[in-house]
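Report on the following structure.
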Amino acid sequence: QVQLVESGGGLVQAGGSLKLTCSGSGGISRLSVMGWYRQAPGKERELVATVTGHSATNYAESVKGRFRISRTTNWSTIFLQMNSLKPEDTGVYYCNYRRITYEAWGQGTQVTVYA
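Per the numbering used here, the sequence shown starts with residue 1, numbered consecutively.
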């Protein structure tokens with residue numbers, strides 16, 4: 001069973017940067033897709049970015065050009081480099097793992113951006 005542990009969240013001023021890390025264990029497959037989702041207070045969880053085992057990436061329009069997702073060569077860890085942060089980036093960021101019909105989520109890490 002895949003387990004995901006996020007780290008790197010925090011409090012940052014608008015315009016600043018943070019880097020999130022998601023460490024996976026329990027049988028990570030190179031055929032999987034891993035990614036970051038976020039949920040702001042009172043809103044639904046939304047996609048931020050995903051990366052495949054071949055490092056193909058996909059980004060939400062709102063973060064393109066500011067965020068960069070990457071994955072280690074053993075496929076088990078992903079990163080989210082977040083630059084030029086805005087208050088609207090505030091939320092709980094969750095790591096996600098998907099392979100065919102199997103899906104796992106991390107516990108989430110809080111990111112708060114203040115003006």
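From the three backbone atoms N, C-alpha and C, an ideal C-beta is built for every residue, glycine too. From a predicted model like this one, the values you see are computed outputs, not experimental measurements.
- In the three-state reduction of the DSSP assignment, S62 falls in the helix class.
- Around S7, the same chain offers T21 as residues with beta carbons nearer than 6 Å, after the five sequence neighbours per side are excluded.
- Beta bridge pairing from DSSP links T57 with V51.
- Scanning G26, L18, R98 for the CA closest to the CA of N83 turns up L18.
- Taking the C-beta atoms as reference points, A49 is found nearer than 8 Å to V63.
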